[in-house]
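Using the numbering used here, the first residue of the sequence shown is number 132, and each one after it goes up by one. These notes concern the structure reproduced below.
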Amino acid sequence: MEICQQILEKIKEYDTIIIHRHMKPDPDALGSQVGLKALLNHHFPEKTIKAVGYNEPTLTWMAEMDTAQDSDYQGALVIVCDTANTARIDDKRYHQGDFLIKIDHHPNDDVYGDLSWVDTSSSSASEMIALFAENTQLNLSDQAAELLFAGIVGDTGRFLYPSTSARTLRIASSLREYNFDFASLTRKMDTISYKIAKLQGYIYDHLEVDENGAARVLLSQEILKEYNVTDAETAAIVGAPGRIVDVSLWGIFVEQADGHYRVRLRSKSVPINEVAKEHDGGGHPLASGANSYSLEENEVIYQKLKNLLKNK
Ligand code: AMP
């Protein structure tokens with residue numbers, strides 16, 4: 132693939148490479164970011180390679196972030212993984228480098244970067260990094276393979292979402308050839324804490340489902356406090372409503388400390404990302420996020436979700 136060669140040429144050109152990803156990182160954001168860092172460290176030990184952004188406490192088992200000084204950006208190559216729009220890039224210094232590359236699998240609504248590789252047919256940004264390694268004949272380290280595998284497992288819901296292609300499975304299979312503790316990794320990704328299990332119970336108890344399968348639940352600050360769960364930890368329960376056969380699409384409205392709502396949207400088949408875009412968000416057709424600024428706006432969003440199924 133020509134674009135992979137172009138990216139490799141740029142990587143070779145720079146002594147300092149700083150890798151970013153989106154805010155509120157998930158395993159794919161970290162897997163692609165730190166997997167790329169591990170790959171490049173393996174082949175270019177003489178270069179300074181940093182992965183930056185907020186250290187998400189629930190995911191520090193995957194990776195811890197580096198600190199970058201403002202001066203590190205001077206003459207540096209910056210690569211942003213898994214981030215559709217500049218507003219969601221974690222660490223706003225991403226534009227202070229010499230050259231910017233975007234590597235992403237979300238719809239390309241916000242075109243940015245001096246060079247950009249966007250592949251919406253890819254299950255995950257981690258799959259793209261593995262593909263980059265394959266196309267440029269850079270063999271992976273065990274650590275890189277493990278991180279990329281974790282990212283793919285995360286974004287495909289363990290190979291269950293429709294974004295899982297034959298290529299995804301082929302790449303996952305080749306990553307599995309490397310030497311990492313597979314059982315420990317998959318256990319970490321599969322188990323939930325007791326408090327999350329209880330929150331899941333709350334969700335099933337309070338889920339509202341209409342006659343066409345549009346579902347919603349609201350997690351207020353009060354409930355988050357009662358269950359001792361942070362906003363980031365709600366990632367573990369986003370898929371829960373989808374396990375119910377009657378549910379076709381759903382929104383989890385998570386009240387934030389400032390009173391607005393983070394709306395986590397998922398669907399089994401009907402695209403929901405246009406609704407997300409209309410409410411300060413975006414994302415994939417079947418997995419998006421929005422922001423709502425009042426209970427009334429929550430109602431409007433739920434009504435739009437219901438209409439998606441009604442008008443089908
Ligand atoms: P989440 O529910 O946070 O896991 O988000 C699911 C997907 O929706 C992410 O992978 C992003 O692609 C997208 N997304 C979430 N929030 C936003 C937002 N505020 N703006 C744009 N895209 C978003």
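Note that the Cβ used here is the ideal one computed from N, Cα and C, for glycine as well.
For the alpha helix (DSSP H) that contains Asp235, what are its first and last residues? Numbered from its first residue, the sequence shown carries residue 235 at position 104. No alpha helix (DSSP H) contains Asp235, which is instead part of the beta strand (DSSP E) from 230 to 235.
What are the start and end residues of each continuous alpha helix (DSSP H) run of 4 or more residues lying completely inside the stretch 213 to 299, in chain order? 256 to 266, 273 to 286
Measuring alpha carbon to alpha carbon, tell me which residue in Asp411, His415, Gln137 is nearest Asn404. In the sequence shown, counting from the first residue as 1, residue 404 sits at position 273. The candidate whose alpha carbon is nearest that of Asn404 is His415.
With DSSP collapsed to three states, give me the class of Gly332. Taking the sequence shown and counting its residues from 1, one reaches residue 332 at position 201. DSSP, reduced to helix, strand and coil, places Gly332 within a helical segment of the structure shown.
Between which residues of its own chain and Tyr424 is the CB-CB distance below 7 Å, once the five residues before and five after are set aside? In the sequence shown, residue 424 corresponds to position 293, counting from 1. His391.
Can you tell which of Ala256, Leu271, Asn359 has its C-alpha closest to the C-alpha of Asn310? On the sequence shown, residue 310 is found 179 positions in, with the first residue counted as 1. Of the listed residues, the one whose Cα sits closest to Asn310 is Leu271.
Any heavy atom of ligand 1 closer than 7 Å to the beta-carbon of Arg219? Locating residue 219 in the sequence shown gives position 88, where the first residue counts as 1. Correct: Arg219 has its Cβ closer than 7 Å to ligand 1.
Is Arg152 near ligand 1, with its Cβ less than 7 Å from a heavy atom? Position 21 of the sequence shown holds residue 152. No, Cβ of Arg152 sits at least 7 Å from all heavy atoms of ligand 1.
Opposite Asn422 in the DSSP bridges: which residues? For the purposes of this step, residue 422 is identified with residue 291 of the sequence shown, where counting begins at 1. DSSP output for Asn422 lists Arg393 as bridge partner(s).
Contact belief for Met259 with Ile234 at Cβ below 8 Å, rounded distance in angstroms: Along the sequence shown, one-based indexing puts residue 259 at 128. Along the sequence shown, one-based indexing puts residue 234 at 103. At roughly 6 Å, the Cβ-Cβ gap stays under 8 Å, so Met259 and Ile234 are in contact.
Looking at ligand 1, does it come within less than 7 Å of Ala256, judged from the CB to the closest heavy atom? Your numbering for residue 256 matches position 125 in the sequence shown. Not under cutoff, so the answer is no.
Is the beta carbon of Asp241 closer than 8 Å to that of Asn216? What you label residue 216 is simply residue 85 of the sequence shown in a count that begins at 1. What you label residue 241 is simply residue 110 of the sequence shown in a count that begins at 1. Yes, the pair counts as a contact, with Cβ atoms nearer than the cut-off.
Glu195 versus Asn186 - alpha carbon distance: The residue given as residue 195 occupies position 64 in the sequence shown. The residue given as residue 186 occupies position 55 in the sequence shown. Roughly 6 Å between the two C-alpha positions.
Unbroken alpha helix (DSSP H) run spanning Leu161, endpoints: The sequence position of residue 161 within the sequence shown is 30, counting from 1. Taken as a continuous stretch (DSSP letters only), the alpha helix (DSSP H) holding Leu161 covers 158 to 174.
So Thr317 is in the alpha helix (DSSP H); what residue range does that whole segment cover? Taking the first residue of the sequence shown as 1, we reach residue 317 at position 186. 313 to 321 is the span of the alpha helix (DSSP H), which, as asked, contains Thr317.
Cβ separation of Thr267 and Cys135, assumed to be a contact under 8 Å, to the nearest whole Å: Taking the first residue of the sequence shown as position 1, residue 267 is located at position 136. Taking the first residue of the sequence shown as position 1, residue 135 is located at position 4. The pair is a contact, with the Cβ atoms about 5 Å apart (cut-off 8 Å).
Report buried or exposed for Arg307, applying the criterion of at least 16 other Cβ atoms within 10 angstroms of its Cβ. Here residue 307 corresponds to residue number 176 of the sequence shown, with the count starting at 1. Exposed.
Within the continuous beta strand (DSSP E) that includes Glu386, where are the two ends? Here residue 386 corresponds to residue number 255 of the sequence shown, with the count starting at 1. Counting along the chain, the beta strand (DSSP E) containing Glu386 begins and ends at 380 to 386.
Contact set for Phe280: own chain, Cβ-Cβ below 6 Å, skip 5 residues either direction: In the sequence shown, the residue the question calls residue 280 occupies position 149. Excluding sequence neighbours, Phe280 sits near Leu306.
If you reduce the DSSP assignment to three classes, tell me which class Gly413 lands in. For the purposes of this step, residue 413 is identified with residue 282 of the sequence shown, where counting begins at 1. Gly413 falls in the strand class under three-state DSSP.
With DSSP as the reference, label Arg152 as helix, strand or coil. Working through the sequence shown from its first residue, we reach residue 152 at position 21. Coil at Arg152, not helix or strand.
Arg395: buried (16+ other C-beta within 10 angstroms of its C-beta) or exposed? Along the sequence shown, one-based indexing puts residue 395 at 264. So Arg395 counts as buried.
Classify Leu338 as helix, strand or coil using the three-state DSSP reduction. Residue 338 sits at position 207 when you count from the first residue of the sequence shown. Coil, per DSSP.
Cβ of Asp377 within 7 Å of any heavy atom in ligand 1? Against the sequence shown, residue 377 aligns to sequence position 246. No, Cβ of Asp377 sits at least 7 Å from all heavy atoms of ligand 1.
Are the beta-carbon atoms belonging to Gly344 and Leu316 less than 8 Å from one another? Stepping through the sequence shown from its first residue, residue 344 is reached at position 213. Stepping through the sequence shown from its first residue, residue 316 is reached at position 185. Taking 8 Å as the Cβ cut-off, Gly344 and Leu316 do not qualify as a contacting pair.
Looking at Gly413 and ligand 1, is the gap between the Cβ and the nearest heavy atom below 7 Å? Within the sequence shown, the letter at position 282 stands for residue 413. Answer for Gly413: yes, Cβ within range of ligand 1.
State buried or exposed for Lys399, treating a residue as buried only when at least 16 other CB atoms are found within 10 Å of its CB. On the sequence shown, residue 399 is found 268 positions in, with the first residue counted as 1. The residue in question, Lys399, is exposed, as its Cβ has fewer than 16 Cβ neighbours within 10 Å.
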